[in-house]
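Listed in order, the protein sequences are those of chains V and W.
Taking the numbering used here as reference, the numbering of the first sequence is continuous, increasing by one, and the terminal residue is 1095.
Taking the numbering used here as reference, the numbering of the second sequence is continuous, increasing by one, and the terminal residue is 229.
Note that CB positions come from ideal geometry on N, CA and C, so glycine has one too.
Since we're looking at a predicted model, the values are computed, not measured.
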Amino acid sequence: MILRSLILRQFRNYEVLEQSFTPALTVLLGANAQGKTSLLEGIYLLATGKSLRGCPDVEMIRWDMPAGVVGGYVLREKAHDVELEVVLSQTARKSLVVNTVRTTRAMEFVGQFKVVAFSSADLETIRGEPSRRRRFLDLEISQLSPSYCHALGCYRKILEQRNRLLKQPYPGNRHPLIEDSLGAWDDQLRTYGSRLIERRRQFIQQLETFAQPIHQTLSGGKEQFALSYHPTFRLPPPAEGEADDHEAIGEAFRRAQESVREEERRRQVSLIGPHRDDMTLLVNGRDVRVFGSQGQQRTAALSLRLAEVALMEDLTGEAPACLLDDVFSELDAGRRAHLFDVTTERCQTFISTTDLTLLPGPVRRHASLFEVQEGTLQPLRSE
Amino acid sequence: MHYAKPLARLVGELEKLPGIGPKSAQRLAFHLLRIPADEARQLADAILQVKERITACQVCHNFTDQPVCDLCRDSRRDSAVLCVVAEPRDLLAMERTNEFRGRYHVLGGVISPLEGIGPEMLRIRELVERIHKDEVREVILATNPTVEGDTTALYLARLIKPFGVRVSKIAFGLPVGGDLDYADQATLIQALEGRRDL
Ligand SMILES: [Zn+2]
C-alpha cells in the first residue's frame, strides 16, 4: 500500500500541508516539537481513525481552531485505490470519509489503508498496564478485520450500558411482570465478547508464528520468544470447525458470568469479558514484563512490530506502510540495520529522526529527505 | 444581529426546534413574514391542533386523534400477530411497506441504562396484557438494529417466549447501527420476510 499524497489542514501545528510521497522511503528530519511525529500521526489516523499517541480527537486539532482535516490518497494492489479523509471537530463527532462518502460505521473506514507504527511507546506496550496490550490488540486486529472493528464498538457500548445498570439500585416497587434487564445485557456482552476473544486468540497465535523466527534473528539465536493469551476465564481448546469454537467459547463465557454474578452486583462493575484480558510475552519461558531486562523488552517490542508487518502482508497479500517514529537512538547498530532491511525493502516507509547519522549510508542516499520546521516541509537534497 | 422584538421572539422559538440553527431560524422567520396572514394563521392553528388533539392510542400507543387509532379498529387486521416497535415513526415506516397485516405495539423507547430507561419505563406491562387478552400467537420484534434496540428485543424475547408465543425479530437486510425510519421500503420488506426466531 502506498500513500501517494497527504493533506493536513489545521492539524496539530500544521496550518495547511499538501505533500506527495514516493513509494519508497521518506525521511523527516528536524528538531523536537516541529511536527515530525504529528505528520506520522496524520498518516496513522488515516489507517486506524485513532491518534498514534492515544490522544483524544480534539487534541489533534490546531490550537484555537474549530476543526481539522487529514486527507490522503492511497494506491492499493489488491483493491481499488482509495481516497480517505478524517474531519475532526471541536463540537461534533469526527467524520470518517471514504471516496468522499461519509461512513456511518468505523468498520467501513478502518483498515482501508494499513499501517504499522514503530515508536518508543512500544516499550510501554511490553512493560505497561494490561490496557496497553489490549489497545495494541484492538488497533491491529481492527485494521485486519472490519467485523472485529464492528464487534469492538458494540462491545464497548454494551459494557458501558451494563456497568451503568449494575450501579443502579433495585427499584423497590417493581411490577411482577417486569424483571431485571441484566440477563439481556449478559447475552449481548457474551455474544460480542466471544467474537472478540475468538479473534484475539487467533491473532495472537498467528503473530507468534511470525515473531518467533524474527526474535531469534534479533537476539542472535539466544532467545526463544512466545506469546500467550489470558482471558478472564479458561477457554476451551481451539476446535476444528469455526462454528464449534464460537459455541464452546460462548458456553465457557456463560458459566464464568454466572460464577461472578453476586460479586458483580456487590462491586457494581463487569468482571468477565475481553475488557479485562491480557497477553503475556515470554522470553525463554519467562514473562518479559516482569523478568526481562530493558534490552530484552526492547527486542520483544521490535519483534512484535516486525511480526505484524509480516502477518499483515501474509493475510492481505500486500505490504502495509511503516511509520518509524524516532526509534533509532534506542537501538544498537545491528537491530537498526535489521529494522531498515525489513521495512524499507518491502514497504513504503516514513522515518522521523533528529539525527541523520543514525541512518545507514545506503538508506540516506535513496530516501527523499525533508526538513520539518514549525509545521512546514522543506525538501533536502539527498546525499 | 438586531431584530424588532416580535421577530426576535419568533427566531428564538424556531431555534429551539431540532436541526434548526440560527441561520435557518432567521431564514424561516423572514419567510413567515412574507406569507399571507391566512397562511400564517393556518400554520399556528395546525401546531395548536396537534397539541390539543393528538394523544396516544389506548391500545397500541401510536399517535391518534381518537381514543383508539384507525389501525387498532381495522377489523381486517389480524390481532393475533403483533409487531413491536420502539417509536411511532417506526410504525409508520413498517406501514409504508404495505406488507404487514397484523397489529402494532409502540414501546415508547428502548432499554438504555445510560439514559435512565429501564424496562419498567417502557410499555412492556401493557404488551404482556395484550398478549394474554388478544390471544396473540406471534410477536414480531422490529426494534432498530442498534445495541440498545437489540438488547430490548432480547429482553422481550426472554419475557414473552415462556407464554408459548412465536417470537421473531426482523434482521435481514437492515443496515447495522442505522435507524429504522431511514431504511428504504425494499430493505424493510426483505427484513420482514427474513425475520428470525430468538
Ligand atoms: Zn392503536
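Just mark residue i as buried or exposed, buried being the case when its beta carbon has 16 or more other beta carbons within 10 Å.
i	result
ASN885 (chain V)	Caution applies to ASN885 (chain V), whose pLDDT of 44 falls short of 50 and renders its modelled position unreliable; the value that the coordinates give is listed next. It counts as exposed.
GLU1020 (chain V)	buried
LEU1071 (chain V)	buried
VAL770 (chain V)	exposed
CYS1059 (chain V)	buried
PRO1032 (chain V)	buried
GLU910 (chain V)	buried
CYS866 (chain V)	buried
VAL137 (chain W)	buried
ILE853 (chain V)	buried
ILE162 (chain W)	buried
HIS1096 (chain V)	Residue 1096 (chain V) is absent from the structure shown; chain V starts at 713 and stops at 1095.
According to DSSP, what are the bridge partners of residue i?
i	result
LYS82 (chain W)	Answer is none; LYS82 (chain W) lacks a bridge partner.
LEU1092 (chain V)	V:LEU1081
HIS792 (chain V)	Partner(s): none; HIS792 (chain V) has no beta bridge.
PHE1062 (chain V)	V:THR738 and V:LEU1035
LEU751 (chain V)	DSSP, once it has assigned bridges, lists no residue as partnering LEU751 (chain V).
ILE171 (chain W)	W:CYS114 and W:SER199
PHE194 (chain W)	The partner list for PHE194 (chain W) (beta bridge, DSSP) is empty, contrary to what the question assumes.
MET991 (chain V)	V:TYR941
TYR785 (chain V)	V:SER717 and V:GLU795
ALA779 (chain V)	V:SER801
Any Cβ of chain V within less than 9 Å of the Cβ of residue i?
i	result
GLY139 (chain W)	no
ASP181 (chain W)	yes
GLY50 (chain W)	no
In chain W, which residues lie with their C-beta within 8 Å of the C-beta of residue i?
i	result
ARG876 (chain V)	PRO144 and LEU145
Find the residues of chain V that neighbour residue i, judging by a C-beta separation of less than 7 Å, and give them in chain order.
i	result
GLY149 (chain W)	SER893
ARG189 (chain W)	GLY895 and ALA896
LEU185 (chain W)	ALA896, ASP899 and GLN900
Can you pull the chain W neighbours of residue i, defined as C-beta to C-beta under 9 Å?
i	result
GLU700 (chain V)	This structure cannot speak to residue 700 (chain V), because chain V is shown only from 713 to 1095.
Closer than 8 Å by beta-carbon distance: list the chain V residues that pair up with residue i, in chain order.
i	result
VAL178 (chain W)	CYS866, LYS869, ILE870, GLN873 and GLN900
Looking at chain W, is there any beta carbon in it that lies within less than 9 Å of the beta carbon of residue i?
i	result
GLN855 (chain V)	no
GLN969 (chain V)	no
GLN802 (chain V)	no
GLN980 (chain V)	no
LEU889 (chain V)	Residue placement at LEU889 (chain V) is poorly supported in this model, since its pLDDT is 49, which falls under 50; the coordinates still yield a value, given next. Yes, contact with chain W.
GLY884 (chain V)	Only weak support exists for where GLY884 (chain V) lies, its pLDDT of 46 falling under 50; the value from the coordinates is given anyway. By this cut-off, GLY884 (chain V) is not an interface position.
What residues of chain V sit near residue i, judged by a beta carbon separation below 9 Å?
i	result
THR230 (chain W)	Past the edges of chain W, shown from 32 to 229, lies residue 230 (chain W), and the structure says nothing about it.
Can you list the residues of chain W that residue i reaches, using a CB-CB cut of under 7 Å?
i	result
GLN880 (chain V)	PRO144
Which first and last residues belong to the alpha helix (DSSP H) in which residue i is found?
i	result
ASP109 (chain W)	Run containing ASP109 (chain W): none in the alpha helix (DSSP H); it sits in the beta strand (DSSP E), 109-116.
GLN924 (chain V)	894-930
PHE825 (chain V)	Looking at the DSSP string, PHE825 (chain V) is not in any alpha helix (DSSP H), and its letter there is neither H nor E.
ARG120 (chain W)	119-126
Going by DSSP, what residue range makes up the beta strand (DSSP E) through residue i?
i	result
LYS879 (chain V)	LYS879 (chain V) -> not in any beta strand (DSSP E); alpha helix (DSSP H) instead, spanning 858-879.
GLY937 (chain V)	Here the sequence assigns Phe to residue 937 (chain V), which means Gly is not the residue at that position. Element bounds for PHE937 (chain V): 937-942.
VAL178 (chain W)	Not the beta strand (DSSP E): VAL178 (chain W) falls in the alpha helix (DSSP H), residues 178-191.
ARG946 (chain V)	Note, ARG946 (chain V): premise wrong, no beta strand (DSSP E); not H, not E.
VAL42 (chain W)	Careful: VAL42 (chain W) lies outside any beta strand (DSSP E), inside the alpha helix (DSSP H) at 36-46.
Using a Cβ-Cβ distance under 9 Å, would residue i count as near chain A?
i	result
LEU718 (chain V)	Protein chains in the displayed structure are V and W, and chain A is not among them.
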